[in-house]
Amino acid sequence: EKTKTSFLDQLSKAVVGKSKVDEEVLDELETVLVHADVGIGTTVKIIERIEKRVARDKYVGTSDLDRILREEIMELMEENKGGIAADFTLPDTGGQPYVIMVVGVNGVGKTTTIGKLASQFHKAGKKVVLGAGDTFRAAAVDQLKIWGDRVGIPVVDHGMNTDPASVAYDAVKKGVEMGADVVIIDTAGRLHTKVGLMNELTKIKRVMQKVIDAAPHEVLLVLDGSTGQNAVIQAREFTKATEVTALAVTKLDGTAKGGVIIGISDEFKIPVKYIGVGERVEDLQVFDKREFVDSLFSKNK
Amino acid sequence: MFENLSTKLDRAFKTLKGQGSITEINVAQTIKEVRRALVDADVNYKVAKTVTDKIKDEAMGRDVLIAVSPGQLMVKIVHEELTELMGGEKKDINITGSPAIILIAGLQGSGKTTFTGKLSNFLKKQGKGVLVAACDVYRPAAIDQLSVLAEQVGVEFYAERESKDPVSIARNAVEHAKKTGKKVVIIDTAGRLAVDEAMMKEIYDIKEAIKPTETLFVVDSMTGQDAVNTAKTFNERINFDGVVLTKLDGDSRGGAALSIRAVVEKPIKFISTGEKMEALDLFYPDRMAQRILGMGDVISLVERA
Ligand SMILES: Nc1nc2c(ncn2[C@@H]2O[C@H](COP(=O)(O)OP(=O)(O)OP(=O)(O)O)[C@@H](O)[C@H]2O)c(=O)[nH]1
Ligand SMILES: Nc1nc2c(ncn2[C@@H]2O[C@H](COP(=O)(O)OP(=O)(O)OP(=O)(O)O)[C@@H](O)[C@H]2O)c(=O)[nH]1
Ligand SMILES: [Mg+2]
Ligand SMILES: [Mg+2]
């Protein structure tokens, strides 16, 4: 369990005996942010904003710093708006299933997140269909099927080493036929540097649109919360290939802070919707900006 | 995304034209740029600070050559220093004993199972009889995953599908390897977080039960600042012998390599560069240093100058 201590506790060393924010305090702030994977670019941006405020407001005490910092960071992060609501009610898609395509690099937690999401929708009384679009990684189809069984929902699969686009097509079609509320398509993990594999995602998308014009209604990019600055590049490249509409950040039950998503949501205006906090089916939470910012400044253990 | 380090350094040095050598005063800004570049490459902040302090000492007083820009000279110094830090004595994987027992551990999704397959392939090609054992009883289809890889590679596979006790599975696997005269047995384990006390105890218990010849810690090269915490805790609990750095086929800078090396002082023994069973390589410190600095071209430029 992480114990939450305030940002001020962390800064106390630099701040002791001071009543104003100065160079040293800002340096300490840089350390705190960088330690949380916020990244130099975004960190410098945040510090510059604070410096401006310090200059404008003339007198900013260190006790105001905590509040100001939170405000600045919150402002950098996009509101979690549109799409699926916190209670897993879905936007109106004119009677057709809401299609979610899940993408990301290898091992970030795509399949697990799908299992958890499916369970949430199922619990909210929605009819769910899954598509086993990872036909490449060893036993990937089996893994998704086990999740399907756990939740008690159908999984459309063509087995291993088949065309993922055709799996996606069939899953969406089955969703329509069944009158499903939501169809979630798993895809194989792929590094964004592999052009062929990125093009494959575009193809999977296009094929689904033969069944439902607007599909996929959501492209969910899953990021591993312990990833460093490479996550920014992942967001950029996956957005280029598939127009990512939402982010899920996993493994935040560890000691990694996931600060890289601040810069990402500032640069790309893609909202973080979910966070993964464990391996069990219930370990998925709707992202809460305020809580997240708090956790950035909490000490580990 | 960010300017290349050498450009930044050249700018930092621009005001210093005419000064013959690197001094305490003119190096401060440069060192800050180097530190930021390292942090950008996901080197742990504290490690970056220690490293740049060392670089500063090294750089001080060196002549700024006319043929090379001061920025490039600094880059050369940084590169040398990083290589040195990640290098040292090269240690190969230890596969003595009958059988040699190799234990694989790490965070979730880091690439352990894939690496288990790759290592078995690597050793099999050396003509050794290998057994891989599935001791991840948690992740859905983890056993199937390893089983598929073992079949692909053509090595023997051990699992107990009904068992929920990884310690006993590991022990039995070693027994089985002995009985069947295998040269090496590789134990794949479940992914676990360093803060998960029950799971950390489990890996400790597995290690105690089988007394491996070699324990390898598998880490994703995309890991950020947290790599240090994780490596430290795993090392405290299981005192691993070496590190495997995965997913280096992407464009991650891999600063975690430097951080881990600096904090736990264990050698990086393998790098993983793809999903295929052949995508396994040995670790070269100089290449890794270049990667962290993001400057393949700059180095050769400096070398030629
Ligand atoms: N601690 C923790 N582990 C997680 C979380 N989400 C996923 N995992 C674990 O991370 C590992 C990888 O998860 P997967 O769902 O297989 O990841 P993936 O992105 O589908 O992987 P590939 O399909 O191989 O690219 C598994 O061991 C999961 O149990 C999380 O929020 N917290
Ligand atoms: N591109 C690339 N992918 C890799 C590499 N190593 C592993 N992977 C992929 O990363 C994902 C996770 O690999 P696994 O071997 O399942 O990881 P793990 O550590 O066993 O995961 P858990 O057992 O869930 O903790 C899979 O999609 C692998 O194919 C690599 O070097 N490069
Ligand atoms: Mg998957
Ligand atoms: Mg595994």
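These protein sequence lines map, in sequence, to chains D and Z. Okay, so the first sequence: first residue is 1 according to this note's numbering, each after it adds one. Okay, so the second sequence: first residue is 1001 according to this note's numbering, each after it adds one. Yeah, the Cβ is synthetic: ideal placement off N, Cα and C, and Gly gets one too.
Check, Outcome
"Could you run through the region 1095-1112 of chain Z and flag, in chain order, every residue whose CB is less than 9 Å away from some CB of chain D?", "Leu-1107, Gln-1108, Gly-1109, Ser-1110, Gly-1111"
"Taking Leu-117(D) as the reference, which of Val-99(D), Asp-134(D), Asn-106(D) has the closest Cα?", "Val-99(D)"
"My parser needs the alpha helix (DSSP H) runs of 4 or more residues fully inside the region 1088-1154 of chain Z; what are they?", "1112-1125, 1142-1153"
"If you run the structure through DSSP and keep just helix, strand and coil, what is Leu-1301(Z)?", "Any reading at Leu-1301(Z) needs caution, since the residue's pLDDT is 48, under 50, leaving its predicted position unreliable; the model's value is listed next. In this structure, Leu-1301(Z) counts as helix in the three-state DSSP scheme."
"Any idea which residues DSSP pairs Val-1243(Z) with across the strands?", "Phe-1217(Z), Ile-1268(Z)"
"Fully enclosed by the region 100-135 of chain D, which beta strand (DSSP E) runs are 3 residues long or longer?", "128-133"
"List the residues of chain D whose Cβ lies closer than 9 Å to the Cβ of Asp-1281(Z), in chain order.", "Those within 9 Å of Asp-1281(Z) in chain D number zero; the least Cβ separation is about 16 Å."
"Which residues of chain A have a Cβ atom closer than 7 Å to the Cβ of Lys-251(D), listed in chain order?", "No chain A is present in this structure, whose protein chains are D and Z."
"For chain Z, check one thing: does any of its Cβ atoms lie closer than 8 Å to the Cβ of Asn-161(D)?", "no"
"Which residues, taken in chain order from the region 1114-1147 of chain Z, show a beta carbon closer than 9 Å to some beta carbon of chain D?", "Thr-1114, Gly-1117, Tyr-1138, Arg-1139, Pro-1140, Ala-1141, Ala-1142, Ile-1143, Asp-1144, Gln-1145, Leu-1146, Ser-1147"
"Within a Cβ cutoff of 8 Å, which residues of the same chain sit near Asn-1172(Z), ignoring the five residues on either side of it in sequence?", "Tyr-1158, Glu-1160"
"What is the residue span of the beta strand (DSSP E) that Lys-1054(Z) lies within?", "Looking at the DSSP string, Lys-1054(Z) is not in any beta strand (DSSP E); the run it does join, the alpha helix (DSSP H), is 1045-1059."
"Output the residue ranges of the beta strand (DSSP E) runs that lie fully inside the region 206-278 of chain D and measure 3 residues or longer, sorted by chain position.", "218-224, 246-250, 272-276"
"Select from Gly-1129(Z), Leu-1085(Z), Glu-1058(Z), Glu-1214(Z) the residue whose C-alpha is nearest the C-alpha of Ile-1104(Z).", "Glu-1214(Z)"
"I'd like to know whether the C-beta of Gln-1225(Z) is nearer than 8 Å to at least one C-beta of chain D.", "yes"
"How long is the line joining the alpha carbons of Met-312(D) and Gly-1106(Z), rounded to whole angstroms?", "Because residue 312(D) is not part of the residues shown, which for chain D are 1 to 301, the question remains open."
"With respect to the alpha helix (DSSP H) encompassing Leu-33(D), which residues constitute its N-terminal and C-terminal limits?", "23-35"
"For Gly-259(D) and Phe-297(D), I'd like the C-alpha separation in whole angstroms.", "10 Å"
"Relative to the C-alpha of Ser-1098(Z), which residue among Thr-1083(Z), Arg-1237(Z), Lys-1183(Z) is closest?", "Lys-1183(Z)"
"Can you give the Cα-Cα distance for Ile-1212(Z) and Val-1174(Z), rounded to whole angstroms?", "Ile is not the amino acid found at residue 1212(Z); the sequence shown has Pro there. The straight-line gap from Cα to Cα measures roughly 10 Å."
"Does the count of Cβ pairs from the region 75-95 of chain D and the region 183-202 of chain D closer than 8 Å reach three?", "no"
"Is there a C-beta anywhere in chain D that falls below 8 Å from the one on Ala-1067(Z)?", "Bear in mind that the predicted position of Ala-1067(Z) carries a pLDDT of just 49, short of 50, making it unreliable; the figure below should be weighed with that in mind. Answer no: the Cβ-Cβ gap between Ala-1067(Z) and chain D never drops below 8 Å."
"Counting along the chain, where does the alpha helix (DSSP H) carrying Asp-294(D) start and finish?", "289-296"
"Give the straight-line distance between the Cα atoms of Val-281(D) and Gln-1126(Z), rounded to the nearest whole angstrom.", "42 Å"
"Applying the 10 Å Cβ sphere with the 16-neighbour rule, what's the burial state of Glu-218(D)?", "buried"
"Mind checking Asn-1229(Z): buried by the 16 CB within 10 Å criterion, or exposed?", "buried"
"Three or more C-beta pairs under 8 Å: does that hold for the region 1186-1202 of chain Z against the region 1125-1145 of chain Z?", "yes"
"Kindly indicate which three-state DSSP category Tyr-1158(Z) falls into: helix, strand or coil?", "strand"
"Write down the C-beta distance between Arg-1291(Z) and Asp-1042(Z) rounded to the nearest angstrom, noting that I regard them as a contact closer than 8 Å.", "Between Asp-1042(Z) and Arg-1291(Z) the Cβ distance is about 11 Å, and since that is not below 8 Å, they are no contact."
"Counting only beta-carbon separations shorter than 8 Å, does Ala-139(D) have a partner in chain Z?", "yes"
"State buried or exposed for Ala-85(D), treating a residue as buried only when at least 16 other CB atoms are found within 10 Å of its CB.", "exposed"
"Can you name the residues of chain D whose CB is closer than 7 Å to the CB of Ser-1252(Z)?", "Asn-230"
"Quick check: does the Cβ of Val-1153(Z) come within less than 7 Å of any heavy atom belonging to ligand 2?", "no"
"Anything with a beta carbon under 7 Å from a heavy atom of ligand 4 counts; list them all in chain order.", "Lys-1112(Z), Thr-1113(Z), Asp-1136(Z), Arg-1139(Z), Ala-1142(Z), Gln-1145(Z), Asp-1188(Z), Ala-1190(Z), Gly-1191(Z)"
"Going along the chain, which residues of its own chain have a beta-carbon closer than 7 Å to the beta-carbon of Ala-168(D), five neighbours each way excluded?", "Gly-131, Gly-133, Ile-185, Ile-204, Val-207, Met-208"
"Note down, in chain order, each residue of its chain lying with its Cβ closer than 7 Å to the Cβ of Gln-229(D), except the 5 sequence neighbours on either side.", "Gly-39, Val-260"
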